[in-house]
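Going by our numbering, the first residue of the sequence shown is number 5, and it counts up by one from there.
Quick reminder that beta carbons are idealized off the backbone N, C-alpha and C, glycines included.
No experiment lies behind these values; they were computed from the predicted model shown.
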Amino acid sequence: MDAITMIKERRSVRKFRNKKVDRETMKEIVSISRWAPSWANYQIARYTLVDDEAIIKKLATEGVKGFVYNVKTLENAKGVAVLSFVKGKSGKLDDYDIATSKANVWEVFDAGIACQTFCLAAHAMGVGTCIMGVIDEESISEIVGLPEEETVAALIVYGYEDGHAASTPRKDVDDIMRFAEAE
Ligand SMILES: Cc1cc2nc3c(=O)[nH]c(=O)nc-3n(C[C@H](O)[C@H](O)[C@H](O)COP(=O)(O)O)c2cc1C
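Listed below in structure tokens is the structure:
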């Protein structure tokens, strides 16, 4: 699959077949995700994979604030990646006296890049994903036993798609881009 096809054909998948993705495949997807760029190459993203039915059920009941859409997706999911990141590293240039106005927003930025890289790698390997932002970070941290220095960025539900998710509309390119012109 070429990169452009991969980007254009990835969809958020919310219906899954009753088949787990084997752990070796997931390890390969995370291994590919390591190539995501990151602030100063700190590589702060972490992936806690959940393929145990009881834990997924707990994530559905306690991890998504009861948001019915996400509860339903998790109820038929066979796998969930808890994407987290190590706090307090990105956004700093320790060897230079330079501060950026976004400060620690860069750690969330890093997590976002890691997230999309994971989703694209999964898609390339025939595994569907859906990012979830309507989540309860504290509760998820507790459920999966996240280390103290990490915080949850998102849940990424994964599995083999049942059916084929419809494509979602995109804004016209001229509505989102402009060229800066010299005066
Ligand atoms: C940061 C972020 C948070 C999201 N949160 C949710 C969510 O909580 N539940 C859900 O079903 N989809 C969620 N999505 C998926 C978006 O709804 C989806 O990406 C968008 O509608 C475009 O569809 P596509 O991914 O199929 O191209 C989220 C996506 C992103 C990037």
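Cβ-heavy atom distance, residue i to ligand 1, below 7 Å
i: SER37; result: no
i: THR77; result: yes
i: SER88; result: no
i: ARG18; result: yes
i: MET10; result: no
i: GLY137; result: yes
i: ASN74; result: yes
i: THR172; result: yes
i: ARG15; result: yes
i: ALA169; result: yes
i: ALA125; result: no
i: ASN158; result: Reading off the sequence shown, one finds Ala at residue 158, where the question assumed Asn. Flag set: Cβ of ALA158 near ligand 1.
Identified DSSP bridge partners for residue i
i: SER171; result: Its beta-bridge partners do not exist; DSSP assigns none.
i: TYR162; result: GLY83 and THR133
i: PHE20; result: GLU165
Does the stretch 151–167 come close enough to the stretch 75–93 to have 3 or more Cβ pairs within less than 8 Å? Touching, yes.
With a floor of 3 residues, list each beta strand (DSSP E) that falls wholly inside the stretch 33–61, ordered by position along the chain. Residue ranges of uninterrupted beta strand (DSSP E) with 3 or more members, entirely inside the stretch 33–61 and ordered along the chain, are 49–54.
Suppose only complete runs of 4+ residues qualify. What are the alpha helix (DSSP H) ranges in the stretch 83–159, listed by chain order? 109–128 and 141–148
Is there contact here, the stretch 9–27 with the stretch 92–112, by at least three beta-carbon pairs under 8 Å? no
Meets three-Cβ-pair contact criterion under 8 Å: the stretch 5–20 and the stretch 59–70: no
Would you check if there are 3 or more beta carbon pairs closer than 8 Å linking the stretch 165–184 to the stretch 143–152? no
Cβ pair count under 8 Å reaching 3, the stretch 63–79 against the stretch 38–49: no
Specify whether the stretch 6–18 and the stretch 112–132 touch according to this definition: at least 3 beta carbon pairs, one from each stretch, less than 8 Å apart. With the cut-off at 8 Å, the stretch 6–18 and the stretch 112–132 touch.
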